[in-house]
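Notes to accompany the following structure.
2 protein chains.
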Amino acid sequence: MAKKVAVLAVNPVNGLGLFQYLEPFFESGIAFKVFAVAETMRIKSNSGVFLQADDVIANLKGKEGDFDALVFACGDAMPKFSENAAKPEYQDLLAILKAFGDKGKIIAGHCVGGLLFDITGIASGRRLALHPFVKNAVKSTMGTDEAFVVDGNIYTAQTEKTQNLLIPELLKVLK
Amino acid sequence: MAKKVAVLAVNPVNGLGLFQYLEPFFESGIAFKVFAVAETMRIKSNSGVFLQADDVIANLKGKEGDFDALVFACGDAMPKFSENAAKPEYQDLLAILKAFGDKGKIIAGHCVGGLLFDITGIASGRRLALHPFVKNAVKSTMGTDEAFVVDGNIYTAQTEKTQNLLIPELLKVLK
Chain B
134 MAKKVAVLAV NPVNGLGLFQ YLEPFFESGI AFKVFAVAET MRIKSNSGVF
184 LQADDVIANL KGKEGDFDAL VFACGDAMPK FSENAAKPEY QDLLAILKAF
234 GDKGKIIAGH CVGGLLFDIT GIASGRRLAL HPFVKNAVKS TMGTDEAFVV
284 DGNIYTAQTE KTQNLLIPEL LKVLK
Chain G
134 MAKKVAVLAV NPVNGLGLFQ YLEPFFESGI AFKVFAVAET MRIKSNSGVF
184 LQADDVIANL KGKEGDFDAL VFACGDAMPK FSENAAKPEY QDLLAILKAF
234 GDKGKIIAGH CVGGLLFDIT GIASGRRLAL HPFVKNAVKS TMGTDEAFVV
284 DGNIYTAQTE KTQNLLIPEL LKVLK
């Protein structure tokens, strides 16, 4: 039976990255719910298009058990992550990543996603694909130059430009 | 100087296809405006996410001169095109395609886009990449099995899965 996925979308989110997960999920009959990593469900793409998420990340707390997998959709919100990390939505993001990781659920992400998986300790000892800018910032994981990496329950792509190589692997395990 | 692009998004639109145009345009400094092929600016992706276009297609009529290029973002609206063709938004779509084509402007599209370029006569004698289901339906053009085709001012990709191969060619001429 197809699994149910919580998709986390930062604000702004890279629309290409986001829909590279959503459209194949839809076409494969994989259920998902999009959570805005924001105070409101209305977020925008890097390219400036307003998108309506299904809910806000605050409402995912305590409901991790409703989902089999978590996907992190990166975007232009992330270069400012360090200065915004104290905001409730980012604290929720880190707590939720940790909750999914601690339960050994499937976790996928691209670009800076790998750095968050590293910070939260949920991919400890795993190999990751992640943006070259943050490759050397990881500590508990092993950053690589690969286009995509599957290591245990952790699925990562270097950027949205290589995400198309990761998606078939992700679909195999979510279908 | 970068060109300005009118992006037409059907309702529902394939979000992966749409943002495969928009994010690279944004990253390359190419100006664009998204027009919903619908009565309202609020449309949704195939995958069910609501998106806010910048305007509706009716308001593009007579303003073709404001844009250097037109992009057609296909979606799940299109399998029902023939039964909806009489609706104002689809009549506007065909008229606007023809207006851009008659002026020799750059025109790009994927999936069923090529069939619309064929119907409107704006790609007469040109080779096209388009969805295999409609390849044999074209009359004024030459349908191919290629992943993408650039022929004169007409840029086409077979589906959103091969669109990534077309985009670099499109960026070259729009930058």
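Same order as they appear, the protein sequences are chains B and G. Heads up: take any position in the first sequence, counting from 1, add 133, and you land on this note's numbering. Heads up: take any position in the second sequence, counting from 1, add 133, and you land on this note's numbering. Note that the Cβ used here is the ideal one computed from N, Cα and C, for glycine as well.
Q: Output, in chain order, the set of chain G residues within a Cβ distance shorter than 8 Å of Gln296 of chain B.
A: Against the first sequence, residue 296 of chain B aligns to sequence position 163. Neighbours of Gln296 of chain B on chain G: none; closest Cβ ~10 Å, over 8 Å.
Q) Using a beta-carbon distance cut-off of less than 9 Å, what residues from the segment 176-187 of chain G approach chain A? A) Checking the listed chains, one finds no chain A in this structure; the protein chains it contains are B and G.
Q. Do Ile287 of chain B and Arg259 of chain B have their C-beta atoms closer together than 8 Å?
A. Along the first sequence, read from residue 1 onward, the residue named residue 287 of chain B stands at position 154. Along the first sequence, read from residue 1 onward, the residue named residue 259 of chain B stands at position 126. Contact flag set, yes.
Q.
So that I know if they touch, is there some Cβ in chain B lying closer than 8 Å to that of Gly162 of chain G?
A. Walking along the second sequence from the start, residue 162 of chain G turns up at place 29. So no, Gly162 of chain G is outside the interface.
**Q.** Gly276 of chain G in three-state terms, based on DSSP
**A.** Counting from one through the second sequence, the residue named residue 276 of chain G turns up at place 143. Of the three classes helix, strand and coil, the one that applies to Gly276 of chain G here is strand, per DSSP.
Q. Taking the alpha carbon of Leu307 of chain G as the point to measure from, which residue in G:Phe152, G:Leu149 and G:Phe165 has its own alpha carbon closest?
A. To locate residue 307 of chain G, count along the second sequence from 1; it is residue 174. Among G:Phe152, G:Leu149 and G:Phe165, the Cα nearest to that of Leu307 of chain G belongs to G:Phe165.
Q | Alpha-carbon to alpha-carbon, Thr253 of chain B and Val271 of chain B | A | Along the first sequence, read from residue 1 onward, the residue named residue 271 of chain B stands at position 138. Along the first sequence, read from residue 1 onward, the residue named residue 253 of chain B stands at position 120. Our two residues, Val271 of chain B and Thr253 of chain B, have alpha carbons roughly 11 Å apart in a direct line.
(Q) Here's the rule I'm using: 16 or more other beta-carbon atoms within 10 Å means buried, otherwise exposed. How should Asp235 of chain B be labelled? (A) Locating residue 235 of chain B in the first sequence gives position 102, where the first residue counts as 1. Exposed is the call here.
Q) For Glu293 of chain G, which residues from the same chain have a beta carbon less than 8 Å from its beta carbon, with the 5 sequence-adjacent residues on both sides left out? A) Start at 1 with the first residue of the second sequence, and residue 293 of chain G comes out as number 160. Closer than 8 Å at the Cβ level, and outside the excluded window around Glu293 of chain G, lie Asn147, Leu149, Gly150, Gln153, Cys207, His243 and Cys244.
Q.
Starting from Leu263 of chain B, trace the alpha helix (DSSP H) in both directions and tell me its first and last residue.
A. Reading the first sequence from its first residue, position 130 is the one you call residue 263 of chain B. From DSSP, Leu263 of chain B is part of no alpha helix (DSSP H); its letter is neither H nor E.
Q. Among the residues of its own chain, which have a CB less than 7 Å from the CB of Gln296 of chain B, if the five just before and after it don't count?
A. Looking up residue 296 of chain B in the first sequence gives position 163. The residues are Gly150, Gln153, His243 and Ala290.
Q: For Gly242 of chain B, name the three-state secondary structure that DSSP assigns.
A: As a first step, residue 242 of chain B must be located in the first sequence, where it is residue number 109. In the structure shown, Gly242 of chain B sits in a strand (DSSP, three-state: E or B).
Q. If we cut at 8 Å on Cβ distances, does Val189 of chain G have a partner in chain B?
A. Working through the second sequence from its first residue, we reach residue 189 of chain G at position 56. Judged by the 8 Å Cβ criterion, Val189 of chain G is not in contact with chain B.
Q: With a 10 Å radius around its C-beta and 16 neighbouring C-beta atoms as the bar for buried, classify Ser215 of chain B as buried or exposed.
A: Here residue 215 of chain B corresponds to residue number 82 of the first sequence, with the count starting at 1. Exposed, since its Cβ has fewer than 16 Cβ neighbours within 10 Å.
Q: State the start and end residues of the unbroken beta strand (DSSP E) segment that holds Lys166 of chain B.
A: Along the first sequence, read from residue 1 onward, the residue named residue 166 of chain B stands at position 33. Bounds of the beta strand (DSSP E) holding Lys166 of chain B are Ala164 to Ala169.
Q | chain B within 8 Å of Leu303 of chain G, Cβ atoms only | A | As a position in the second sequence, residue 303 of chain G is number 170, starting the count at 1. False, the Cβ-Cβ gap to chain B never drops below 8 Å.
Q: Note down, in chain order, each residue of its chain lying with its Cβ closer than 8 Å to the Cβ of Ser180 of chain B, except the 5 sequence neighbours on either side.
A: As a working note, residue 180 of chain B is residue 47 in the first sequence. Closer than 8 Å at Cβ, skipping near neighbours: Gly148.
Q: Mark Asn269 of chain B as exposed unless 16 or more other C-beta atoms lie within 10 angstroms of its C-beta, in which case mark it buried.
A: The count along the first sequence starts at 1 and reaches residue 269 of chain B at position 136. Exposed.
Q. Taking the runs of the beta strand (DSSP E) that are 3 residues or longer, which of them lie wholly in the segment 198-233 of chain G?
A. 202-206
Q.
Measuring alpha carbon to alpha carbon, tell me which residue in B:Lys231, B:Ala210, B:Asn144 and B:Gly162 is nearest Val189 of chain B.
A. Residue 189 of chain B sits at position 56 when you count from the first residue of the first sequence. Comparing Cα-Cα distances from Val189 of chain B to each of B:Lys231, B:Ala210, B:Asn144 and B:Gly162, the minimum goes to B:Asn144.
Q. Would DSSP call Lys136 of chain B helix, strand or coil?
A. For the purposes of this step, residue 136 of chain B is taken as residue 3 along the first sequence, with counting starting at 1. Looking at Lys136 of chain B - three-state DSSP - the assignment turns out to be coil, as it is neither helix nor strand.
Q) Looking only at its own chain, which residues have a Cβ that is under 8 Å from the Cβ of Lys231 of chain G, when we skip the five neighbours before and after it? A) As a working note, residue 231 of chain G is residue 98 in the second sequence. Result list for Lys231 of chain G: Thr253, Gly254 and Ile255, in chain order.
**Q.** Alpha carbon of Lys177 of chain G to alpha carbon of Gln185 of chain G, nearest angstrom
**A.** As a first step, residue 177 of chain G is located in the second sequence; it is residue number 44 there, counting from the start. As a first step, residue 185 of chain G is located in the second sequence; it is residue number 52 there, counting from the start. Taking the straight line joining both Cα atoms gives about 8 Å.
**Q.** Helix, strand or coil at Lys268 of chain B according to DSSP, with G and I counted as helix
**A.** Taking the first residue of the first sequence as position 1, residue 268 of chain B is located at position 135. Reduced to three states, the DSSP call for Lys268 of chain B is helix.
Q.
Residues in the same chain with beta-carbon distance under 6 Å from Val283 of chain B, minus the five sequence neighbours each way, listed in chain order, please.
A. Counting from one through the first sequence, the residue named residue 283 of chain B turns up at place 150. Cβ neighbours of Val283 of chain B beyond the five flanking positions: Glu302.
(Q) Can you tell me which residues form a DSSP beta bridge with Thr289 of chain G? (A) Residue numbering aside, residue 289 of chain G sits at position 156 when the second sequence is read from its first letter. Per DSSP, G:Gly242 and G:Val282.
Q: Please name the residue, chosen from B:Asn217, B:Arg175 and B:Glu279, that lies closest to Gly247 of chain B on a Cα-to-Cα basis.
A: The residue labelled residue 247 of chain B in the question sits at position 114 within the first sequence. Measuring from the Cα of Gly247 of chain B, the nearest candidate turns out to be B:Glu279.
Q: Tell me where the beta strand (DSSP E) around Lys177 of chain B begins and ends.
A: Numbered from its first residue, the first sequence carries residue 177 of chain B at position 44. Arg175 to Lys177 is the span of the beta strand (DSSP E), which, as asked, contains Lys177 of chain B.
Q: Output yes if chain G places a C-beta closer than 8 Å to the C-beta of Asn286 of chain B; else output no.
A: Numbered from its first residue, the first sequence carries residue 286 of chain B at position 153. Chain G contact via Cβ: absent.
Q.
What does the alpha-carbon distance come out to for the pair Leu193 of chain G and Glu156 of chain B?
A. As a position in the second sequence, residue 193 of chain G is number 60, starting the count at 1. As a position in the first sequence, residue 156 of chain B is number 23, starting the count at 1. Per the coordinates, the alpha-carbon of Leu193 of chain G lies some 28 Å from the alpha-carbon of Glu156 of chain B.
Q) Just checking my contact of Val129 of chain B with Ala241 of chain B at CB under 8 Å: how many whole Å lie between their CB atoms? A) Residue 129 of chain B lies beyond the range of chain B shown here (134 to 308); nothing can be said about it.
Q: Identify which residue in B:Val167, B:Val182 and B:Phe168 has its Cα closest to the Cα of Ala169 of chain G.
A: Position 36 of the second sequence, counted from the start, is the residue given in the question as residue 169 of chain G. When only C-alpha atoms are compared, the closest one is B:Val182.
(Q) List, in chain order, every chain G residue whose beta-carbon is nearer than 7 Å to that of Val167 of chain B. (A) Taking the first sequence and counting its residues from 1, the one referred to as residue 167 of chain B is at position 34. Neighbours of Val167 of chain B on chain G, chain order: Val182.
(Q) Quick check on the DSSP output: the beta strand (DSSP E) that includes Leu184 of chain B runs from which residue to which? (A) Here residue 184 of chain B refers to the residue found at position 51 of the first sequence. Start and end: Phe183 to Gln185.
Q. Any beta-carbon of chain G closer than 8 Å to the one on Phe266 of chain B?
A. Taking the first sequence and counting its residues from 1, one reaches residue 266 of chain B at position 133. Any Cβ of chain G closer than 8 Å to the Cβ of Phe266 of chain B would place that residue at the interface, and such an atom is absent.
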